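Participant: Dropping a structure here in structure tokens format, bear with me for questions.
Protein chains: 2
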Amino acid sequence: MQTIYRFLIHFFILSTLLMNSINADTLIGSQAILDSADDADWRTPEDKNLLYMQHAKGQVIFELAPAFAPEVIANIRQLVTQGYFDGLAIIRVQDNYVVQWGDSLAGKDGARSLGEAKTELEPEFFRERAGLDIVPLDSRDAYAEEVGFVDGFPVASDGKRAWLTHCYGMLGVGRDYAFNSGNGAELYVVTGHAPRHLDRNVTLIGRVIAGVETLSSLPRGTGFLGFYEDEKEHVRISSIRFGDDIPETQRVSLKVLRTDSRTFQDYVQSRTHRKESWFADPAGRIEICNVQIPVKELE
Amino acid sequence: MQTIYRFLIHFFILSTLLMNSINADTLIGSQAILDSADDADWRTPEDKNLLYMQHAKGQVIFELAPAFAPEVIANIRQLVTQGYFDGLAIIRVQDNYVVQWGDSLAGKDGARSLGEAKTELEPEFFRERAGLDIVPLDSRDAYAEEVGFVDGFPVASDGKRAWLTHCYGMLGVGRDYAFNSGNGAELYVVTGHAPRHLDRNVTLIGRVIAGVETLSSLPRGTGFLGFYEDEKEHVRISSIRFGDDIPETQRVSLKVLRTDSRTFQDYVQSRTHRKESWFADPAGRIEICNVQIPVKELE
């Protein structure tokens with residue numbers, strides 16, 4: 001069985017010169033830890049928590065985090081069931097920030113109906129910390145007192161509240177001025193340096209586990225806030241479906257490293273204290289959004 | 001005179017619904033501060049510190065920081081004078097990490113000669129802190145004891161040493177295992193979440209001040225480390241020139257906000273304490289790589 005690591009280890013070498021040596025050296029690092037992980041260290045995301053998005057440039061698969069945003073995820077399920085997103089488009093690509101999709105006519109004549117879905121929802125910008133088992137990350141975070149991981153998602157907390165953090169690849173719910181206006185009909189993915197000032201101001205609902213590069217490499221919008229100025233630039237979405245609502249043959253077998261495993265701890269340590277000989281001065285520190293949670297695909 | 005802000009303010013709104021209100025609300029924030037800045041708050045980068053790169057997908061302009069890497073910048077000037085980069089290509093685009101260019105044949109038969117330029121150079125991974133006027137940023141940084149700005153560049157320090165930080169858009173010098181192998185013939189730009197573990201391990205020499213989106217939107221390489229697997233994917237570089245070596249008519253009039261100005265302090269404060277009504281819970285904190293140093297173009 002061939003294993004393809006979908007996550008991008010931030011390999012340390014920046015030259016083409018010593019490709020063979022690179023491979024050898026890498027094997028004493030993070031890759032070796034993952035290669036020797038037990039099967040039990042990897043979990044299979046539940047199909048009901050997966051969203052498959054087909055767009056003109058490829059496929060993106062998201063894992064949702066209902067422990068953090070149950071209501072808006074339920075609303076998105078209602079929208080998806082109605083085929084709400086099918087035929088809509090990616091309408092905004094702002095460099096070093098977000099890729100966003102939804103109805104370009106929202107709020108105007110010709111806007112698509114939300115049908116049975118709610119138009120307003122109590123915000124889920126954060127939840128109670130109580131009841132969460134946060135695997136701590138030893139990091140001096142610029143934005144939060146406590147950071148760590150819950151079931152494969154980056155999380156921050158102030159002791160009472162906990163929230164998902166705006167790391168690269170996180171999936172969020174666009175909204176207007178009203179805090180209850182984020183109903184899930186407009187979604188965005190972070191495709192730049194983590195805009196952590198959005199934490200607790202928007203509802204995050206999950207993260208990309210495959211295909212983020214099909215979003216991050218899209219042409220940047222030249223309009224205000226990175227919106228495409230011409231409808232012809234829109235990147236059409238042919239469908240968004242939940243994993244439990246598509247034929248088994250179309251499902252992708254992805255495994256996510258358990259963030260509560262010893263292997264994950266070893267992995268984080270290897271990313272913190274780089275022992276590869278390339279490094280002159282290993283940081284000995286790591287920031288939450290620089291911990292890329294490993295995902296692999298079984299083929 | 002029309003002013004185009006090239007830097008991308010991370011506007012806060014994520015929806016298309018209220019575009020008119022957005023404009024109004026934005027004007028009480030960072031944009032208003034920049035709009036009301038004195039001319040003296042903006043500096044014109046010296047032509048000798050600008051690099052213009054023309055590639056198949058557009059133009060990128062870099063401002064170099066000789067206070068941090070005088071030797072490698074001098075070596076790059078030697079390479080540029082020889083036309084070393086002209087006709088070479090962007091050969092690596094790794095998602096959420098770097099875009100890199102140089103000679104795909106480096107170290108192999110047919111590699112381009114470095115001519116009069118040095119092949120080895122003492123690394124400039126950091127410099128003495130002494131002699132630097134660091135405008136401090138009040139931020140709890142994951143990687144360094146002190147962070148701030150020097151003449152428009154993000155900087156970190158441990159009290160004795162100081163170094164440029166690997167924020168989005170920073171320009172660095174690829175190297176092999178040998179610390180002195182970074183001669184400037186292979187360069188990269190950060191196009192993802194700041195890989196700060198590279199700080200003090202690679203020489204940074206400047207940052208993109210225009211055109212980063214022409215790099216960050218390139219198709220991702222599907223090879224190891226994001227290298228393009230097929231030469232046909234290479235993005236050709238027609239030329240790299242210093243600003244003082246191109247005709248005046250081809251120079252772009254860019255202004256960079258002075259990081260030692262009161263206006264910059266006000267700008268950072270406005271980005272830290274978001275007063276726009278959209279925010280439910282402003283962070284009150286900011287991280288060094290989330291401070292995007294404003295650049296504007298005069299036309």
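Chains as they are written, first to last, in this note's numbering: chain A, 1 to 299; chain B, 1 to 299.
Virtual Cβ for every residue (Gly too), placed ideally from N, Cα, C.
Fair warning: this is a prediction, and the values are worked out from it, not measured in the lab.
Please name the residue in B:I73, B:K255, B:A142 whose C-alpha comes closest to that of D38 (chain B).
Facilitator: Of B:I73, B:K255, B:A142, the residue nearest in Cα terms is B:K255.
Participant: Runs of 3 residues minimum, wholly inside the region 81-134 of chain B: which ones carry the beta strand (DSSP E) assignment?
Facilitator: Listed in chain order, they are 89-94, 98-102.
Participant: Could you tell me which of A:W101, A:A69, A:R258 sits nearest to R127 (chain A), measuring between CA atoms?
Facilitator: Among A:W101, A:A69, A:R258, the Cα nearest to that of R127 (chain A) is on A:A69.
Participant: Between P219 (chain B) and chain A, is any beta-carbon pair separated by less than 7 Å?
Facilitator: Yes, because at least one Cβ of chain A sits closer than 7 Å to the Cβ of P219 (chain B).
Participant: Near D199 (chain B), which residues of its chain fall below 6 Å by C-beta distance, leaving aside the five closest residues on each side in sequence?
Facilitator: Hits under 6 Å: W163, T165, H166.
Participant: From the beta carbon of F179 (chain B), is the nearest beta carbon of chain A less than 7 Å away?
Facilitator: Yes, F179 (chain B) counts as interfacial toward chain A.
Participant: So with Cβ pairs under 7 Å, would you call D230 (chain B) a contact of chain A?
Facilitator: For D230 (chain B), the answer is no, since every Cβ of chain A falls outside 7 Å of its Cβ.
Participant: Go ahead and pull the three-state DSSP assignment for I288 (chain A).
Facilitator: I288 (chain A) falls in the helix class under three-state DSSP.
Participant: Of the residues A:I240, A:G110, A:T203, which one's Cα is nearest the Cα of I171 (chain A)?
Facilitator: Rather than Ile, the amino acid found at residue 171 (chain A) in this sequence is Leu. Of the listed residues, the one whose Cα sits closest to L171 (chain A) is A:T203.
Participant: Residues bridged to Y188 (chain A) by DSSP?
Facilitator: Beta-bridge pairing links Y188 (chain A) to A:Q100, A:G172.
Participant: Any beta-carbon of chain A closer than 7 Å to the one on W312 (chain B)?
Facilitator: As shown, chain B starts at 1 and ends at 299. That puts residue 312 (chain B) outside it, with no answer to give.
Participant: In chain order, what are the residue ranges of uninterrupted beta strand (DSSP E) at least 3 long that sit wholly in the region 208-290 of chain B?
Facilitator: Whole beta strand (DSSP E) segments, 3+ residues: 235-242, 254-257.
Participant: Rounded to whole angstroms, what's the CA-CA distance from G102 (chain A) to L225 (chain A)? Just pull it up for me.
Facilitator: The straight-line gap from Cα to Cα measures roughly 15 Å.
Participant: Verify whether the separation of the beta carbon atoms of R236 (chain A) and A56 (chain A) is less than 7 Å.
Facilitator: Yes.
Participant: Any Cβ of chain A within less than 7 Å of the Cβ of D95 (chain B)?
Facilitator: Chain A, which has a Cβ nearer than 7 Å to the Cβ of D95 (chain B), makes this yes.
Participant: I'd like the list of long-range same chain contacts for F12 (chain A), defined as Cβ closer than 7 Å, with 5 residues on each side in sequence excluded.
Facilitator: Because F12 (chain A) sits at a pLDDT of 37, beneath the cut-off of 50, its placement in the model cannot be relied upon, and the point is left open.
Participant: Could you round the C-beta distance between Q78 (chain A) and A117 (chain A) to whole angstroms and report it? I think they count as a contact, below 8 Å.
Facilitator: Yes, they are in contact, since the Cβ atoms of Q78 (chain A) and A117 (chain A) sit about 4 Å apart, within 8 Å.
Participant: Tell me I61 (chain B)'s beta-bridge partners as DSSP assigns them.
Facilitator: Beta-bridge pairing links I61 (chain B) to B:Y52, B:A210.
Participant: Using the Cβ count rule (16 or more neighbours within 10 Å means buried), how would you classify L121 (chain A)?
Facilitator: It is buried - the Cβ of L121 (chain A) has at least 16 other Cβ atoms within 10 Å.
Participant: If contact is defined by three or more beta carbon pairs under 8 Å, each pair taking one atom from either stretch, is the region 140-148 of chain A in contact with the region 173-191 of chain A?
Facilitator: Too few Cβ pairs lie closer than 8 Å, so no.
Participant: Within the same chain, show all residues whose beta-carbon is closer than 8 Å to that of V99 (chain A), passing over the 5 residues directly before and after it, in chain order.
Facilitator: Cβ within range, chain order: I90, R92, V93, Y188, V189, T191, L215, S216, L218.
Participant: Between E213 (chain B) and chain A, is there a C-beta pair that is closer than 7 Å?
Facilitator: Interface residue, yes.
Participant: Assuming L34 (chain A) is part of the alpha helix (DSSP H), what are its boundary residues?
Facilitator: 30-35 is the extent of the alpha helix (DSSP H) around L34 (chain A).
Participant: Cβ of N201 (chain A) less than 7 Å from any chain B Cβ?
Facilitator: Output row for N201 (chain A): interface = yes.
Participant: Grab the span of the beta strand (DSSP E) containing L198 (chain B) for me, first residue to last.
Facilitator: L198 (chain B) -> no beta strand (DSSP E), and no H or E assigned at all.
Participant: F279 (chain A) CB to nearest chain B CB: under 7 Å?
Facilitator: With 7 Å as the cut-off, F279 (chain A) counts as an interface residue toward chain B.
Participant: What's the C-alpha gap between I205 (chain A) and N75 (chain A)?
Facilitator: Using only the alpha carbons, I get a separation of about 12 Å.
Participant: Look at R196 (chain B) and Y267 (chain B) and say whether their C-beta atoms are less than 7 Å apart.
Facilitator: No, the Cβ-Cβ distance between R196 (chain B) and Y267 (chain B) is not below 7 Å.
Participant: Which of the three DSSP states, helix, strand or coil, is assigned to E71 (chain A)?
Facilitator: Residue state, collapsed to three classes: helix.
Participant: Using a Cβ-Cβ cut-off of less than 8 Å, list which residues of the region 130-154 of chain A approach chain B; keep chain order.
Facilitator: Flagged, chain order: S139, R140, D141, A142, Y143.
Participant: Beta-carbon of R285 (chain B) versus every beta-carbon of chain A: anything under 7 Å?
Facilitator: Yes, contact with chain A.
Participant: For the candidate residues B:F264, B:G211, B:L137, whose alpha-carbon lies nearest to that of V60 (chain B)?
Facilitator: Of B:F264, B:G211, B:L137, the residue nearest in Cα terms is B:G211.
Participant: Does any CB atom of chain B fall closer than 7 Å to the CB of C289 (chain A)?
Facilitator: True, the Cβ-Cβ gap to chain B drops below 7 Å.
Participant: R274 (chain A) touches chain B at which residues, Cβ-Cβ below 9 Å?
Facilitator: Simply H197, N201.
Participant: Quick check: what's the CA-CA separation for R258 (chain A) versus W42 (chain A)?
Facilitator: Cα to Cα, R258 (chain A) sits roughly 5 Å from W42 (chain A).
Participant: Only counting runs of 3 or more residues, tell me where the beta strand (DSSP E) segments fall wholly within the region 134-163 of chain B, in order along the chain.
Facilitator: Complete beta strand (DSSP E) runs here, min 3: 146-150, 153-157.
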